[in-house]
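Scroll down for the structure; my scribbles are underneath it.
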Amino acid sequence: MSELPLRPARPLPSIDADSEPFWEACRASRLLLQKCARCGLTRYPPRPMCPRCSSLESAWIEAVGSGSVYSWAVAHDRAAPSYAMVLVELDEGPRVFSNLLDVAPNAIQVGMRVEVVFKKVSELITLPYFVVATSAREATADNPTQNRANR
Amino acid sequence: MRDQAAIVGIGQTELSRNSGRTELRLACEAILLALADAGLDVKDVDGFVRYSNDSTNEIALVSALGLENVRFFGEVGYGGSAHCAVIGHGALAVTSGLADVVVCFRALNGASGHPPAAAATVGGIQAFTDPFGMLLPMDRLALFVRRYMVEFGITSEHFGNVAVSIREHAQHNPRAMLQRKSLSLAEHQKSQMVCDPLRFADCCLQTDGGAAVVIVTAERAKSLRQRPAYIMGFGQATGPDPNGIVFRPRISVSEATFAARDAYRMAGVDASDIDVAQFYDHFTPFVLLALEAYGFCSWGEGGPFVADGNIRWPGGRIPVNTHGGSLGEGYLYGFNHVLEAVRQVRGVSTCQVPNAEIALVGSAVAQVASALILRR
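So the sequences go chain by chain: A and B.
Using the working numbering, you'd call the opening residue of the first sequence number 1261 and step up by one each time.
Using the working numbering, you'd call the opening residue of the second sequence number 390 and step up by one each time.
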């Protein structure tokens, strides 16, 4: 319908020195976070310096891949299927932005448990996406009235 | 800095969906109108401050306007967040003596122009958002809006009340693109979701047009033809971790509170002194966030505050976007809001607040913010 926007095509991420280890790990289906070598603050997305203590040194740690939906939206487009965008608060603390796959828009709730999956989109780029966590999938099936909360 | 500079001229082209002219031409027209309004000559201009995303740059204007020597120029980034900051920078320039006559402007073919070609790859912080479909401003802000709704129990109807109030003000404004098109709450609620929770009726217009203002010192303003709009205070601010918009600690309160603090402090006023406000309304929820950040109600109370009629003209506690805003007059990235604030202190608005003495312009945009306070 004419009120829907027409979005441009999605770009691929370009890889740089700060993010190269992150994208390399995605190709191996691992979700990496940076951990400050001095103060231990865990952060995402990758950046050169710790915002808390200013250290330029960090290590990469692997996230379990589980978290909860912190916020969400559903993009409707004139020329493409609707898709869900989510900000996931990982159990390790940092928040990751991605898409929530295989879920009806009216089933998404803040607080819902999700887990990471990986999909290859090009030679160099595999993207981390999220799906409803197995235990949460069973719970929402049993309680359809919960779907209307937190809309 | 308080009251050291003033806006002494304003100019705005017609607002439409197809100007039929270039953005450079729109800028020139708006600047000529503003200078004529001020009673100043084109050759008096010796400073510019622009939005960094405006296609018209300083040297294009120097050539177009035939200027011999421009002594100050600068730009402010981050889109519409710049709309008050450009005025602040202009005030700094004239107050310091770096320039005598500064022009600030915004000119674009936002409706008829073609969007830039989509890039195949994206770097920086956007590498972690855009590949997942965060592609339009509404996509960048929808998660902020959702979190705000969930934390404070705000609904789509609260946003509808914002749209209805501001669109009503447009009905009185012959310049407004939607002067002849009113909006009811029922119509707002039937409007399609474009990026759920944002509906089409929550989104601002796309506009072709240009607007400009002229800034001089308060001393010089006294000898010019219009009642000066004295610049009492201004501020610009980021909050913590703004990069990428969604990665900050809280995505339900706006950093505009910092810009508000600084503008109020420079001006020596607070929210209770403000007679009329122009808030950045690219999307309706940010008017609620602005009411909260600028101290008209508490955090999360913007929805009920608007539902109670407080932003309506005539008679509301704090009429907002008396020209119809970006939702109803036109979308010039907030710059037309500066002109409307000037009209209010001059006493010539189409929705004039009686005896308006102090006018606020501000944004609560969710990345950076700027604020401006003008007085009669």
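Beta carbons: idealized from backbone N, C-alpha and C, even for Gly.
Item                                                                                                                            : Value
Val1363(A) vs Ala1344(A) beta-carbon contact at 9 Å                                                                             : yes
Start-to-end residues for the beta strand (DSSP E) that takes in Gln1294(A)                                                     : Leu1292 to Cys1296
Interface flag, Gln581(B) vs chain A, CB-CB below 9 Å                                                                           : yes
For Ala607(B) and Ala394(B), the rounded distance between their alpha carbons                                                   : 5 Å
The beta strand (DSSP E) enclosing Val602(B), as first and last residue numbers                                                 : Asp597 to Thr606
Inter-residue Cα distance where the pair is Ile762(B) and Gly624(B)                                                             : 9 Å
Continuous alpha helix (DSSP H) stretch holding Glu540(B): start and end                                                        : Pro526 to Phe541
Sufficient close CB pairs (3 or more, under 8 Å) joining the segment 625-644 of chain B to the segment 587-607 of chain B       : no
Beta-carbon contacts of Cys417(B) that lie in its chain and below 6 Å, excluding the five residues immediately before and after : Ala453
Per-residue burial, Ile604(B) [other beta carbons within 10 Å of its own, 16 or more giving buried]                             : buried
Three CB pairs or more closer than 8 Å across the segment 728-740 of chain B and the segment 482-489 of chain B                 : no
Bridge-paired residues (DSSP) for Cys686(B)                                                                                     : The partner list for Cys686(B) (beta bridge, DSSP) is empty, contrary to what the question assumes.
Rounded Cβ spacing between Gly717(B) and Tyr669(B) (contact assumed at less than 8 Å)                                           : At roughly 14 Å, the Cβ-Cβ gap does not stay under 8 Å, so Gly717(B) and Tyr669(B) are not in contact.
Asn458(B), buried or exposed, once every other Cβ within 10 Å from all chains shown has been counted against 16                 : exposed
According to DSSP, residues forming a beta bridge with Met1345(A)                                                               : Ala1333(A) and Asn1359(A)
Bounding residues of the beta strand (DSSP E) (the contiguous stretch that carries Leu749(B))                                   : Ile747 to Gly751
Buried versus exposed call for Ile1321(A) [16 or more other C-beta atoms within 10 Å across all chains shown]                   : exposed
Any C-beta of chain A under 9 Å from that of Met523(B)                                                                          : yes
Residues, ordered as in the chain, of the segment 1346-1362 of chain A that lie near chain B by beta-carbon distance below 9 Å  : Val1346, Leu1347, Pro1354, Arg1355, Val1356, Phe1357, Ser1358 and Asn1359
Residue interval of the beta strand (DSSP E) (run including Met621(B))                                                          : Ala618 to Thr627
Same chain only: Cβ atoms within 6 Å of Asn1407(A), ignoring 5 sequence neighbours per side                                     : Low per-residue confidence applies at Asn1407(A): pLDDT is 41, beneath 50, and the placement is therefore not dependable enough to give any value.
Nearest neighbour of Ala1333(A), chosen from Arg410(B), Gly522(B) and Gly713(B) [CA to CA]                                      : Gly522(B)
Any 3 or more C-beta pairs closer than 8 Å across the segment 632-639 of chain B and the segment 541-557 of chain B             : no
Anticipated Cβ contact below 8 Å, Gly599(B) with Ala696(B), distance rounded                                                    : With 8 Å as the limit, Gly599(B) and Ala696(B) do not qualify as a contact, their Cβ atoms being about 35 Å apart.
With 16 other Cβ atoms within 10 Å as the buried cut-off, status of Arg1287(A)                                                  : exposed
Extent of the continuous beta strand (DSSP E) run through Glu1322(A)                                                            : Ser1318 to Glu1322
Whole-number beta carbon distance between Leu1272(A) and Thr510(B), since they are thought to touch under 8 Å                   : 5 Å
Residues of its chain near Val676(B), where Cβ-Cβ distance is below 7 Å and the 5 sequence neighbours each way are ignored      : Val551, Phe668, Asp670 and Val709
7 Å CB neighbourhood of Thr596(B) in its chain, flanking five on each side removed                                              : Leu404, Gly499, Ala500, Met566, Gly719, Tyr720 and Leu721
Chain A contact residues for Thr367(B), given Cβ-Cβ distances below 7 Å                                                         : Any answer about residue 367(B) is impossible in this case: the structure gives chain B only from 390 up to 765.
Inter-residue spacing [alpha-carbon to alpha-carbon] between Leu421(B) and Ile448(B)                                            : 17 Å
Beta-carbon gap between Asn562(B) and Cys740(B) smaller than 9 Å                                                                : yes
Between the CA atoms of Tyr537(B) and Leu415(B) - distance to the nearest angstrom                                              : 38 Å
Validate contact between the segment 639-655 of chain B and the segment 752-759 of chain B using beta carbons, cut 8 Å, 3 pairs : yes
Expected contact under 8 Å - CB spacing of Asp519(B) and Cys584(B) to nearest Å                                                 : Actually they do not touch by this definition, with Cβ atoms about 14 Å apart.
Buried versus exposed, by CB contacts within 10 Å (16 or more), Asp435(B)                                                       : buried
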